[in-house]
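Undergrad: In the numbering used here, the protein residues as written are 2 to 272.
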């Protein structure tokens, strides 16, 4: 498509404006994490690593980080198992209700987080509390898994749709059972999609706050919840900026790696 010079200029200006809206606030957070002034004045009066040292020695931030890691790993593990099984069933088999199951699996990612959170909170209090299981890390993991499954399902299903089923059929014709076929054929062909889905699921779980607010008990605080609760404390503002930068970095890295694994070049080199 050939665009006129004014159209190209307009597209570039629009793209720059869009990127500025997204990334300038992030750059301000990074600058304020080393701003010598506690009140985050602009321009910075000087640069310091004091707030990074304070964040490192903050027991609350470290505990919240570890809680987020545990919740993310738990939700990712559940999502990998369930998402892979459902994707394989939908992509490799034909049965009544297949489209309905696909829709039901994908729906949680489209629902507003507050709706999912309220629904899960009500379900947990109705079903689990009579059994003596209150809100805590377990309910956070289950809550995060509801939308993490979608990420793994989409990645694995998309990969399986691009792969011919003849490889698996040939293995089964040669006497391989279901699990042997999955281990020797299906898994090697889809492992990059599994890795990408797992990384994206972990990143999505790691910075989730809305669903976490409704599913975490009073003694459970993830890193996003810690940031939110400390934002209203002026003395904690510089440390919050540091933790926010760390959260951004821990979210960007798995997303970047997942994007590389999901690219057509990476997919083609592994088939």
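C-beta: ideal position from N, C-alpha, C; glycine also.
1. Compute the distance between the beta-carbons of residue 62 and residue 227, then report whether it is under 8 Å.
2. Between the beta-carbon of residue 137 and the beta-carbon of residue 218, is there less than 8 Å?
3. Looking only at its own chain, which residues have a Cβ that is under 8 Å from the Cβ of residue 222, when we skip the five neighbours before and after it?
4. For the alpha helix (DSSP H) containing residue 174, list its first residue and its last residue.
5. How is residue 27 classed by DSSP in three states: helix, strand or coil?
6. Taking only three categories from DSSP, how would you classify residue 164?
7. Whole angstroms are fine: how far does the CA of residue 239 sit from the CA of residue 58?
8. How many Å lie between residue 204 and residue 243 at the Cα?
9. Is the beta carbon of residue 211 closer than 8 Å to that of residue 75?
10. Kindly indicate the opening and closing residues of the alpha helix (DSSP H) around residue 231.
11. Return the Cβ separation of residue 215 and residue 121 in integer angstroms, given the expectation that the two are a contact with Cβ distance under 8 Å.
12. Helix, strand or coil for residue 112? Go by DSSP, reduced to three states.
13. How would you call residue 169, buried or exposed, if buried means at least 16 neighbouring beta carbons within 10 angstroms?
TA: Answer, in terms of the structure:
1. As a first step, residue 62 is located in the chain shown; it is residue number 61 there, counting from the start. As a first step, residue 227 is located in the chain shown; it is residue number 226 there, counting from the start. The answer is yes: Cβ separation under 8 Å.
2. As a working note, residue 137 is residue 136 in the chain shown. As a working note, residue 218 is residue 217 in the chain shown. Yes, Cβ-Cβ distance for residue 137 and residue 218 is below 8 Å.
3. Reading the chain shown from its first residue, position 221 is the one you call residue 222. Same-chain partners within the cutoff: 61, 64, 65, 68, 230.
4. The count along the chain shown starts at 1 and reaches residue 174 at position 173. Note, residue 174: alpha helix (DSSP H), 167–174.
5. Here residue 27 refers to the residue found at position 26 of the chain shown. Residue state, collapsed to three classes: helix.
6. If you number the chain shown from 1, residue 164 lands on position 163. Residue 164 falls in the coil class under three-state DSSP.
7. Residue 58 sits at position 57 when you count from the first residue of the chain shown. Residue 239 sits at position 238 when you count from the first residue of the chain shown. Their backbone Cα atoms lie some 14 Å apart in a straight line.
8. Counted from its first residue, the chain shown places residue 204 at position 203. Counted from its first residue, the chain shown places residue 243 at position 242. Going from the Cα of residue 204 to the Cα of residue 243 covers about 18 Å.
9. The residue labelled residue 75 in the question sits at position 74 within the chain shown. The residue labelled residue 211 in the question sits at position 210 within the chain shown. With contacts defined as CB atoms closer than 8 Å, residue 75 and residue 211 fail to qualify as a contacting pair.
10. Residue 231 sits at position 230 when you count from the first residue of the chain shown. Its alpha helix (DSSP H) spans residues 224–231.
11. Translated into positions along the chain shown, residue 215 becomes position 214. Translated into positions along the chain shown, residue 121 becomes position 120. That belief holds up - the Cβ atoms of residue 215 and residue 121 are roughly 6 Å apart, short of 8 Å.
12. Residue numbering aside, residue 112 sits at position 111 when the chain shown is read from its first letter. The answer is coil: DSSP assigns residue 112 none of H, G, I, E or B.
13. Position 168 of the chain shown, counted from the start, is the residue given in the question as residue 169. Its Cβ being crowded by 16 or more others within 10 Å, residue 169 is buried.
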